[in-house]
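*Asks:*
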Amino acid sequence: MPTARLLLPLGRAGFGNYAFNLARELVPALESRGFSVSMGSRFPVDHPGLLHPGSDPGAQRILAALHRPAEAVPDVGLSMNDISGIVSIPARRLVHFTMHEGSRVPEEVARRFAALPAIAMPSAWNVASLAASWRALGLAPGPRTYRWPGGAADGCFAAEPGPSPLRAPVFTFSNVAKFERRKGIHELARAFASLALQRPRAQVRLLAHWHHGWEPAWRRLVRRMLLRCGFDSEGTTPDGLLDRYRHRVARGATVEVVTGMLATEDEVRKLYRASDAAIYPAFAEGWGLPLIESMACGLPVAAGDWSGPSEFLAPGTFLPFAASVERPMTGPFYGDADWGTWREPAVAAIRDAMAALLDWPAERRRDLGAAARAHVAARFTWRRAAHTIADDLAAMDAEA
């Protein structure tokens, strides 16, 4: 019986969400191909789906694999970490999964990647930008590279059993993103304020989940940003779930910010189901889980067709922003390294996309959301991703 060793960061966000959703399907997919699977995590295992697995069979399979002793030298292995934490595990065939947001990869990182036995990334855009960096350094063709896009959880495709508790009787835009520069949140807040002033009698709401686990002061920073954009704080709801803000001039415009983590798939789905449209103005993404989830829930989305999300956005499945500016990537995550450029959507373009979605007939919004949902369902489910990866690992084992 061949053996597989998975080293996955089973945490609460980013890679952790990818790893958890993938592992739920990958463990049984590998077992169905005759593999014995063991699993470890370089970081603390604190994903909500594993802390409270309930009757989820996929989570139970992950926990069983986590407690299974690892083979000394498995036949195949998968190590999933960000670029600063690539860890090799003893395996006859090993794939390193990673992602990046820049249009190029700095020389030091590109050379590190070139020395790995095999690499997997979630988008053709990731693969192409890394290959371009290798060519520029004379390192082409580099190791074998796989494209494993991932997908939306089954729960996003499930019908909502009842009205979402986050629903409100006004047109609601949603945005789910960590509160950091490259997510375009400041531009989104300015665009929403501009829309409010443009439509002073409109009843519109922005429902946001901007929780940032690495920045404890994120709620204070959000408050300061919204005050600058013309929104006054109305405090936190009695249940502690939402921080509420209202525009001081256009009183029909409100922002509601979810205060805590979305710990379960049900909570994630309820946020999307409480929305009429979703807006994703990120400058750069290595992947883009909230975008995929919004599409899977049947929401019409406005987004930028660049970086990682370009893997999931096809014509007729989203509303693109009409204008953007390409600028060098900057910020504390990137230091002095040259990660190339990102694309900043113009504030006016974000506002105009929101205005279009607001003005469209409900049927047109439903049609766009349905097209997005069908597109994701056909191509980007975790089960499909897991079977692709399991097939690739089985093929690697057969090559030994």
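For the sequence shown, the numbering used here begins at 11 and goes up steadily by one. Beta carbons are placed, not taken as given, at the ideal position from N, Cα and C, and that holds for glycine.
Going by beta-carbon coordinates alone, are Pro210 and Ala260 separated by less than 9 Å?
*Replies:* By 1-based counting over the sequence shown, the position of residue 210 is 200. By 1-based counting over the sequence shown, the position of residue 260 is 250. Yes, they are a contact pair.
*Asks:* So, does the region 356 to 367 touch the region 287 to 299, judging by three or more C-beta pairs under 8 Å?
*Replies:* Judged by Cβ distances under 8 Å, the region 356 to 367 makes contact with the region 287 to 299, as three or more pairs qualify.
*Asks:* Identify the residues that DSSP records as bridge partners of Leu104: which are they?
*Replies:* Numbered from 1 along the sequence shown, position 94 holds the residue referred to as residue 104. In the DSSP output, where bridge partners are listed per residue, Leu104 has Gly87.
*Asks:* Taking 9 Å as the threshold (C-beta atoms), are Met90 and Ala29 in contact?
*Replies:* The sequence position of residue 29 within the sequence shown is 19, counting from 1. The sequence position of residue 90 within the sequence shown is 80, counting from 1. Cβ atoms of Ala29 and Met90: closer than 9 Å.
*Asks:* Identify which residue in Arg279, Ala333, Ala384, Leu272 has its Cα closest to the Cα of Thr327.
*Replies:* Counting from 1 along the sequence shown, the entry for residue 327 is found at position 317. Answer by Cα proximity: Ala384.
*Asks:* Contact defined as beta carbons within less than 8 Å: I believe Asp407 pairs with Pro100. What is the distance between those atoms, to the nearest angstrom?
*Replies:* Working through the sequence shown from its first residue, we reach residue 407 at position 397. Working through the sequence shown from its first residue, we reach residue 100 at position 90. About 15 Å; that fails the 8 Å criterion.
*Asks:* Assign Tyr290 to one of three DSSP states: helix, strand, or coil.
*Replies:* Position 280 of the sequence shown, counting from 1, holds the residue named residue 290. In this structure, Tyr290 counts as strand in the three-state DSSP scheme.
*Asks:* Are the region 101 to 119 and the region 64 to 76 touching, with three or more C-beta to C-beta distances below 8 Å?
*Replies:* With the cut-off at 8 Å, the region 101 to 119 and the region 64 to 76 do not touch.
*Asks:* Between the alpha carbons of Ala411 and Arg200, how many angstroms are there, rounded?
*Replies:* Look at the range of the chain in this structure, 11 to 410, and you will see that residue 411 is not part of it.
*Asks:* Could you give the residue range of the alpha helix (DSSP H) that holds Glu303?
*Replies:* Here residue 303 corresponds to residue number 293 of the sequence shown, with the count starting at 1. Run containing Glu303: 299 to 306, per the alpha helix (DSSP H) assignment.
*Asks:* Provide the residue span of the beta strand (DSSP E) that contains Leu17, from first to last.
*Replies:* Looking up residue 17 in the sequence shown gives position 7. Run containing Leu17: 13 to 17, per the beta strand (DSSP E) assignment.
*Asks:* Would you give the residue range spanned by the beta strand (DSSP E) that Met131 belongs to?
*Replies:* The count along the sequence shown starts at 1 and reaches residue 131 at position 121. Run containing Met131: 128 to 131, per the beta strand (DSSP E) assignment.
*Asks:* Taking only the alpha-carbon atoms, compute the straight-line gap between Ala206 and Ala75 and give it to the nearest angstrom.
*Replies:* Stepping through the sequence shown from its first residue, residue 206 is reached at position 196. Stepping through the sequence shown from its first residue, residue 75 is reached at position 65. About 51 Å.
*Asks:* Under the rule that 16 or more other beta-carbon atoms within 10 Å means buried, what is Asp276, buried or exposed?
*Replies:* Within the sequence shown, residue 276 is the residue found at index 266, counting from 1. Under this definition Asp276 is an exposed residue.
*Asks:* Would you identify the three-state DSSP class for Val311, choosing helix, strand or coil?
*Replies:* As a position in the sequence shown, residue 311 is number 301, starting the count at 1. In this structure, Val311 counts as strand in the three-state DSSP scheme.
*Asks:* Residues in the same chain with beta-carbon distance under 6 Å from Pro338, minus the five sequence neighbours each way, listed in chain order, please.
*Replies:* As a working mapping, residue 338 is identified with position 328 in the sequence shown. Closer than 6 Å at Cβ, skipping near neighbours: Thr351.
*Asks:* Taking the beta carbon of Ser98 as the centre, do at least 16 other beta carbons fall within 10 Å, making it buried, or is it exposed?
*Replies:* Here the question's residue 98 lines up with position 88 in the sequence shown. That one is exposed.
*Asks:* Just reading off the beta strand (DSSP E) that Tyr156 is part of, what are its end residues?
*Replies:* Residue 156 sits at position 146 when you count from the first residue of the sequence shown. Segment 154 to 157, the beta strand (DSSP E) holding Tyr156.
*Asks:* In this structure, does DSSP put Pro338 in helix, strand or coil?
*Replies:* Counted from its first residue, the sequence shown places residue 338 at position 328. Strand at Pro338.
*Asks:* Could you give the distance in angstroms between the alpha-carbon of Gly318 and the alpha-carbon of Ala294?
*Replies:* Position 308 of the sequence shown, counted from the start, is the residue given in the question as residue 318. Position 284 of the sequence shown, counted from the start, is the residue given in the question as residue 294. Going from the Cα of Gly318 to the Cα of Ala294 covers about 7 Å.
*Asks:* Tell me, to the nearest whole angstrom, how far the beta carbon of Leu411 is from that of Thr269; I am working on the premise that it is less than 8 Å.
*Replies:* Residue 411 lies beyond the residue range present for the chain, which begins at 11 and ends at 410; the question has no answer from this structure.
*Asks:* Suppose you measure from the CA of Arg54 to the CA of His77; what does that come to, to the nearest Å?
*Replies:* By one-based count along the sequence shown, residue 54 stands at place 44. By one-based count along the sequence shown, residue 77 stands at place 67. The sequence shown places Pro at residue 54, rather than the Arg named in the question. Near 14 Å, if we compare the C-alpha coordinates of His77 and Pro54.
*Asks:* Gly161 to Lys188, Cα distance in whole Å?
*Replies:* Start at 1 with the first residue of the sequence shown, and residue 161 comes out as number 151. Start at 1 with the first residue of the sequence shown, and residue 188 comes out as number 178. Cα-Cα distance, rounded: 19 Å.
*Asks:* Alpha carbon to alpha carbon, how far is Leu272 from Ser42? Give it in angstroms, no decimals.
*Replies:* Residue numbering aside, residue 42 sits at position 32 when the sequence shown is read from its first letter. Residue numbering aside, residue 272 sits at position 262 when the sequence shown is read from its first letter. Each residue's Cα considered, the two are about 32 Å apart.
*Asks:* Could you tell me the alpha carbon to alpha carbon distance between Pro132 and Arg258, rounded to whole angstroms?
*Replies:* For the purposes of this step, residue 132 is taken as the residue at position 122 of the sequence shown. For the purposes of this step, residue 258 is taken as the residue at position 248 of the sequence shown. Computed Cα separation, rounded: 42 Å.
*Asks:* Quick check on the DSSP output: the beta strand (DSSP E) that includes Pro355 runs from which residue to which?
*Replies:* Here residue 355 refers to the residue found at position 345 of the sequence shown. First-last of the beta strand (DSSP E) with Pro355: 351 to 355.
*Asks:* Using only alpha-carbon positions, find the residue among Pro310, Pro58, Ala82, Tyr344 that is nearest to Asn48.
*Replies:* Within the sequence shown, numbered from 1, the residue matching residue 48 stands at position 38. According to the sequence as given, residue 48 is Ser; it is not Asn. The shortest C-alpha separation from Ser48 is found at Ala82.
*Asks:* By the DSSP assignment, the beta strand (DSSP E) with Ser143 in it spans what residues?
*Replies:* Indexing the sequence shown from 1 puts residue 143 at position 133. From DSSP, Ser143 is part of no beta strand (DSSP E) but of the alpha helix (DSSP H) over 134 to 146.
*Asks:* Here's a check: name, in chain order, each residue in its chain whose Cβ is nearer than 7 Å to the Cβ of Pro175, leaving out the five neighbours to either side.
*Replies:* The count along the sequence shown starts at 1 and reaches residue 175 at position 165. Contacts found: Lys280.
*Asks:* Find the nearest neighbour of Val86 within the set Ser94, Leu329, Leu104, judged by alpha-carbon distance.
*Replies:* Looking up residue 86 in the sequence shown gives position 76. Out of Ser94, Leu329, Leu104, Leu104 has the C-alpha closest to the C-alpha of Val86.
*Asks:* Using a Cβ distance threshold of 8 Å, determine whether the region 388 to 395 contacts the region 235 to 255, with at least three qualifying pairs required.
*Replies:* No, the region 388 to 395 does not touch the region 235 to 255.
*Asks:* List the endpoints of the continuous alpha helix (DSSP H) containing Ala29.
*Replies:* Counted from its first residue, the sequence shown places residue 29 at position 19. Looking at the DSSP string, the run of the alpha helix (DSSP H) that includes Ala29 is 25 to 42.
*Asks:* Would Val232 be called buried (16 or more neighbouring beta carbons within 10 Å of its own) or exposed?
*Replies:* Here residue 232 is taken as the residue at index 222 of the sequence shown, counted from 1. Buried, since its Cβ has 16 or more Cβ neighbours within 10 Å.
*Asks:* So, with DSSP's three-state summary, where would you put Val186?
*Replies:* If you number the sequence shown from 1, residue 186 lands on position 176. In this structure, Val186 counts as strand in the three-state DSSP scheme.
*Asks:* Excluding sequence positions up to five away, which residues of its chain have a Cβ less than 6 Å from the Cβ of Leu140?
*Replies:* Here residue 140 refers to the residue found at position 130 when the sequence shown is read from its first residue. Val115.
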